[in-house]
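Here's the structure we're looking at; comments come further down.
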Amino acid sequence: MGMSIEKCAQEQVLNELQRKAVIRKSSLAQRIYLLVEGELEEVTFPILLERAGIDYEKDNVVISNYKGINNLPHALRIIDQTNGHRYPIIVTHGNGLMMKALAGYYHKIPTASAT
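With the numbering used here applied, the sequence shown corresponds to residues 10 to 124, in that order.
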């Protein structure tokens, strides 16, 4: 004797809920490290990401200031020692002039809702 339509539908809903729970749990374990060189970048990147419609906290983007290019090797070593090498790492560096320009003009970047 076969399964009733209601029972089949309930099973499909349960399977879908379990699948979503597994995906959510695995996504919470993932993160992206955004290593920035200084305080200006540490303040500016959250603004830029927000203006681009990215909820960096929800998406587990960790913004970390390594306080100068000379400290970058130490920051990378700490990440490696704490198994952070399993996650994507984005490193920013350079002179602060570009970040100052971005900070000064961030209001010109359209928000995700304005596009």
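Here a beta-carbon is modelled for each residue, glycine too, at the ideal position from N, C-alpha and C.
If you look at Ile78, you'll find it isn't in any alpha helix (DSSP H); DSSP assigns it neither H nor E. Within the DSSP bridge table, the entry for Leu26 names no partner. Measuring C-alpha to C-alpha distances from Lys76 to each of Ile56, Ser13 and Glu51 identifies Glu51 as the nearest. Annotated as proximal: Ile72 and Phe54, with beta-carbon spacing under 7 Å. Counted as a single uninterrupted DSSP element, the stretch harbouring Ile99 is not any alpha helix (DSSP H) but the beta strand (DSSP E) occupying residues Ile98 to Val100.
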